[in-house]
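Note that numbering that gives the first Met the number 0 gives residue 137 to position 138 of the sequence shown, counting from 1, and the numbers run on in steps of one.
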Amino acid sequence: MQNQHSFDQHETGTLYLVPTPIGNLDDMTMRAVKTLQSVDLIAAEDTRNTQKLLNHFEITTKQISFHEHNTQQRIPELLAKLRDGLSIAQVSDAGMPSISDPGKELVQAAIAADLPVVPLPGANAATTALIASGLAPQPFMFYGFLPRKASEQTKVLTALAQQEQTVIFYESPYRLAKTLTAIQAVFGDRQATLARELTKLHEEFIRGSLSELITWAAASARGEFVVMVAGAQPQPPVVSDEPLKAQVAARIAQGDQPNAAIKAVAKANGLRRQAVYKAYHGLEETE
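Right, here's the structure in full:
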């Protein structure tokens, strides 16, 4: 068990997880700016991209690259700096570090080394899109980018198909129509929403059935997308005839009239009275 008090005095440095704007620079928080100004080093997914953000806010903190291709090389180096008392801010190109972006490996390594990890709140494409989607905002499941291989994609979608919560994916414009077609093939023609270019000048929400969105995407897909698909409809409980018969018989044995017993059993099981009546008398299988 590990108990971290984020803002106690530490002998080591702290790893700060700093979200950056997903489009509109005004979404940068004051705390995020102050953190990037005060840390000793910024670990950035793309230092060239992050430098533009730093220039905009007149931040002069030194950067070091940390991305999916140099993770194993960088982690020991960054941990050593943290142990030496240097504080590091980790940023991705847009949004939250670790969410469909580099980050989780460094976080896990820092925690394993008993180094403090402090997250900052801020811009996130998934939840920003969800609250304006028109679909149920909770519960929801964030998946991110689906696998590229068709067989792996189908396997993942099949596992998600019976989930009753809204499911959120990320996708590029180049694969959007194909991905929507794959989702429809497994999920059926559910309601869905596309959020395009969030917080930017051409922000757009496209709401409709998956079949309608496939047609739209084939002709109009541009920019980065959040794809949100309605969850599966809950299925009524399946109750076999024999337990129903036993429940009705038990109530009759306790003194209920048959019709009253059937009505009570139907209510207790969330079924129509007629379904329990037919089950009790063996007329047909319960619907």
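We treat Cβ as the ideally placed atom computed from N, Cα and C, and that holds for glycine.
Sorted by chain position, which residues of the same chain lie with C-beta nearer than 8 angstroms to residue i's C-beta, five sequence neighbours on each side aside?
{"i": "isoleucine 213", "result": "Ala176, Leu179, Thr180 and Gln183"}
{"i": "proline 136", "result": "Leu129, Ile130 and Thr165"}
{"i": "aspartate 255", "result": "Ala263"}
{"i": "lysine 148", "result": "none"}
Please state if the CB of residue j and the CB of residue i are separated by a distance shorter than 8 angstroms.
{"i": "proline 20", "j": "alanine 124", "result": "no"}
{"i": "alanine 65", "j": "leucine 105", "result": "What sits at residue 65 in the sequence shown is phenylalanine, not alanine. In this structure, leucine 105 lies closer than 8 angstroms to phenylalanine 65 by Cβ."}
{"i": "proline 294", "j": "threonine 70", "result": "In the structure as shown, the chain starts at 0 and stops at 286, and residue 294 therefore has no counterpart that could be examined."}
{"i": "glutamine 62", "j": "isoleucine 87", "result": "no"}
{"i": "aspartate 113", "j": "glutamine 190", "result": "no"}
{"i": "proline 115", "j": "leucine 243", "result": "no"}
{"i": "isoleucine 251", "j": "alanine 263", "result": "no"}
{"i": "aspartate 26", "j": "threonine 153", "result": "no"}
{"i": "glycine 230", "j": "glutamine 273", "result": "no"}
{"i": "serine 289", "j": "aspartate 188", "result": "This structure cannot speak to residue 289, because the chain is shown only from 0 to 286."}
{"i": "threonine 60", "j": "leucine 35", "result": "yes"}
Can you name the residues that DSSP bridges to residue i?
{"i": "valine 228", "result": "Val166 and Ala191"}
{"i": "proline 118", "result": "Leu16"}
{"i": "methionine 140", "result": "Val166"}
{"i": "leucine 40", "result": "Ile87"}
{"i": "isoleucine 63", "result": "Ala42"}
{"i": "glutamate 203", "result": "Arg195"}
{"i": "glycine 94", "result": "Thr19"}
{"i": "serine 208", "result": "Gln190"}
Which same chain residues end up closer than 6 angstroms to residue i when comparing Cβ atoms and leaving out the 5 residues on each side of it in sequence?
{"i": "serine 132", "result": "Thr192 and Met227"}
{"i": "phenylalanine 141", "result": "Ala125 and Ile167"}
{"i": "threonine 28", "result": "Gly121"}
{"i": "valine 32", "result": "Phe56"}
{"i": "arginine 221", "result": "Pro172"}
{"i": "arginine 206", "result": "Gly133 and Thr192"}
{"i": "leucine 16", "result": "Gln89, Pro96 and Pro118"}
{"i": "aspartate 92", "result": "Glu44, Asp45 and Asn48"}
{"i": "leucine 270", "result": "none"}
{"i": "serine 150", "result": "none"}
Between the options, which lies nearest to residue i when the distance is taken from Cα to Cα?
{"i": "alanine 170", "options": "Val225, Ala43 and Met95", "result": "Going by the sequence as given, residue 170 is glutamate instead of alanine. For glutamate 170, the nearest C-alpha among the options comes from Val225."}
{"i": "arginine 195", "options": "Phe204, Gly187 and Phe6", "result": "Phe204"}
{"i": "valine 90", "options": "Lys103, Leu78, Gly230 and Ala220", "result": "Lys103"}
{"i": "proline 138", "options": "Gln162, Thr127 and Lys148", "result": "Gln162"}
{"i": "valine 38", "options": "Arg206, Leu85 and Pro75", "result": "Leu85"}
{"i": "arginine 73", "options": "Phe6, Ala108 and Gly222", "result": "Ala108"}
{"i": "glutamate 67", "options": "Gln3, Leu52, Ser5 and Ser99", "result": "Ser99"}
{"i": "histidine 201", "options": "Asn23, Ala267 and Gln50", "result": "Asn23"}
{"i": "asparagine 258", "options": "Thr127, Val275, Ser150 and Gly94", "result": "Val275"}
{"i": "phenylalanine 186", "options": "Leu78, Ala218, Gln232 and Ala267", "result": "Gln232"}
{"i": "threonine 127", "options": "Ser219, Gly94 and Ala218", "result": "Gly94"}
{"i": "isoleucine 110", "options": "Gln3, Ala218 and Ser150", "result": "Gln3"}
{"i": "leucine 52", "options": "Pro18, Glu223, Gln253 and Glu151", "result": "Pro18"}
Does any C-beta atom of chain C lie closer than 8 angstroms to the C-beta of residue i?
{"i": "alanine 43", "result": "Considering every chain present, this structure includes no chain C. It has just one protein chain."}
To which residues of the same chain is residue i closer than 7 angstroms at the C-beta, ignoring the five residues directly before and after it?
{"i": "tyrosine 279", "result": "Leu243, Lys244, Val247 and Ile261"}
{"i": "alanine 216", "result": "Leu175, Ala176 and Leu179"}
{"i": "serine 5", "result": "Pro115 and Val117"}
{"i": "glutamate 286", "result": "Legend: pLDDT at glutamate 286 = 45, less than 50; position of this residue unreliable, no value from coordinates given."}
{"i": "arginine 30", "result": "Leu119"}
For the segment 46-57 against the segment 1-16, are there 3 or more C-beta pairs whose distance is under 8 angstroms?
Contact fails: fewer than three Cβ-Cβ distances are below 8 angstroms.
Would you call the segment 157-176 and the segment 200-218 in contact, with 3 or more CB pairs under 8 angstroms?
yes
Counting Cβ pairs, one atom from each stretch, are 3 or more of them under 8 angstroms apart for the segment 137-153 and the segment 112-120?
no
With three or more beta-carbon pairs closer than 8 angstroms as the criterion, would you say the segment 149-159 touches the segment 32-47?
no
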